[in-house]
Amino acid sequence: TKIMTLLLSYEALQSGRISWDEETVVSQKAWETGGSQMFLEIGDKVTVGDLITGIAVVSANDGCVAIAEHLYGSEAIFVQEMNKKAAELGLKNTKFQNSSGLPHPDHYTTAEDLAVISRYLIKNFPEYLKLHKQTEFTYNDIVQYNLNPLLGRYTGADGLKTGHTTEAGHCLVGTAAQEGLRFITV
Numbered sequence: 001t002k003i004m005t006l007l008l009s010y011e012a013l014q015s016g017r018i019s020w021d022e023e024t025v026v027s028q029k030a031w032e033t034g035g036s037q038m039f040l041e042i043g044d045k046v047t048v049g050d051l052i053t054g055i056a057v058v059s060a061n062d063g064c065v066a067i068a069e070h071l072y073g074s075e076a077i078f079v080q081e082m083n084k085k086a087a088e089l090g091l092k093n094t095k096f097q098n099s100s101g102l103p104h105p106d107h108y109t110t111a112e113d114l115a116v117i118s119r120y121l122i123k124n125f126p127e128y129l130k131l132h133k134q135t136e137f138t139y140n141d142i143v144q145y146n147l148n149p150l151l152g153r154y155t156g157a158d159g160l161k162t163g164h165t166t167e168a169g170h171c172l173v174g175t176a177a178q179e180g181l182r183f184i185t186v
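So, in structure tokens, the structure goes:
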């Protein structure tokens with residue numbers, strides 16, 4: 001889910017709809033979002049760059065809601081755009097209900113669809129892989145670490161996203177480049 005959230009964020013950056021240094025104000029809804037966080041506070045002014053980095057490196061659910069609201073005014077409208085993009089990519093077994101991937105009975109995807117989303121992101125936005133391979137991120141004086149077990153252990157590993165929910169268990173979309181070849185594993 002966060003890969004799609006980042007993909008839409010990267011598209012907005014590329015088109016000039018938003019800028020890296022642009023600030024947004026954190027809402028109560030973003031602050032209330034549970035799970036992995038970058039520990040945003042209500043009313044914080046945070047840059048788009050910090051939100052995107054927090055999502056890419058530490059899976060910040062609060063950052064997902066904040067960027068969704070910044071881009072489309074509400075998470076609900078952002079989710080419509082996520083599902084629209086999924087349809088454009090030909091995904092037949094994916095439906096989003098939120099921007100973070102937190103459990104919902106009608107929120108689902110498959111390993112194959114995640115590979116398609118990941119391939120599209122890597123092909124169209126390779127410059128952002130530098131975020132996904134960061135091993136740590138500090139926001140508000142809180143240092144957090146990227147949980148991708150491939151980083152620093154597998155030659156060429158540079159992303160992409162980890163995840164965990166009780167329902168799905170531990171998940172990993174890993175990617176690495178070696179000898180001119182790009183590998184994606186889900």
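This note's numbering puts the first residue of the sequence shown at 1, with every later residue one more than the last.
C-beta: ideal position from N, C-alpha, C; glycine also.
All figures in this text were calculated on a predicted structure; none of them were measured in a lab.
Determine the burial state of residue i: buried for a count of at least 16 other Cβ atoms within 10 Å of its Cβ, exposed for fewer.
| i | result |
| --- | --- |
| Glu179 | exposed |
| Ser36 | buried |
| Ser19 | exposed |
| Tyr145 | exposed |
| Asp44 | buried |
| Gly34 | exposed |
| Glu75 | buried |
| Ile55 | buried |
| Ala87 | exposed |
| Thr166 | exposed |
| Lys133 | buried |
| Asp158 | buried |
| Gly191 | Residue 191 lies beyond the stretch modelled for the chain, which goes from 1 to 186, so this question has no answer here. |
| Leu181 | exposed |
For residue i, name the three-state secondary structure that DSSP assigns.
| i | result |
| --- | --- |
| Arg153 | coil |
| Ala60 | coil |
| Arg182 | strand |
| Phe137 | strand |
| Ile18 | coil |
| Gln97 | coil |
| Ala86 | helix |
| Gly34 | coil |
| Asp44 | coil |
| Glu69 | helix |
| Lys161 | strand |
| Leu91 | coil |
| Leu51 | helix |
For residue i, which residues from the same chain have a beta carbon less than 8 Å from its beta carbon, with the 5 sequence-adjacent residues on both sides left out?
| i | result |
| --- | --- |
| Lys28 | The amino acid occupying residue 28 in the given sequence is Gln; Lys does not appear at that position. So the qualifying residues of the chain are Ile42. |
Taking 6 Å as the limit between beta carbons, can you name the residues of its chain near residue i, skipping five residues before and five after?
| i | result |
| --- | --- |
| Ile67 | Ser9, Leu51 |
| Asn93 | Thr110, Asp113 |
| Leu150 | Ala157, Gly174 |
| Leu172 | Thr162 |
Kindly list the residues whose CB is nearer than 7 Å to the CB of residue i, restricted to its own chain and excluding five residues on each side of it in sequence; keep chain order.
| i | result |
| --- | --- |
| Gly156 | Ala176, Ala177, Gln178 |
| Lys95 | Asn83, Asp106, His107, Tyr108 |
| Glu81 | Leu8, Tyr72 |
| Trp31 | Leu40, Glu41, Ile42, Asp62 |
| Glu22 | Thr47, Val48 |
| Val26 | Leu40, Glu41, Ile42, Gly43, Asp44, Val46, Ala66 |
| Gln97 | Val79, His104, Asp106, His107 |
Do residue i and residue j have their C-beta atoms closer together than 8 Å?
| i | j | result |
| --- | --- | --- |
| Phe39 | Tyr139 | yes |
| Ile3 | Ala115 | no |
| Leu6 | Leu121 | yes |
| Ser118 | Cys64 | no |
| Phe137 | Val58 | yes |
| Asn148 | Gly174 | yes |
| Thr24 | Leu131 | no |
| Thr1 | Gly101 | yes |
Of all the CB atoms in chain D, is at least one closer than 8 Å to the CB of residue i?
| i | result |
| --- | --- |
| Glu22 | Protein chain content of the structure displayed is limited to a single chain, and chain D is not contained in it. |
Which parts of the segment 107-132 are runs of the alpha helix (DSSP H), unbroken and 4 residues or longer, counting only runs that do not cross its ends? 111-124, 129-132
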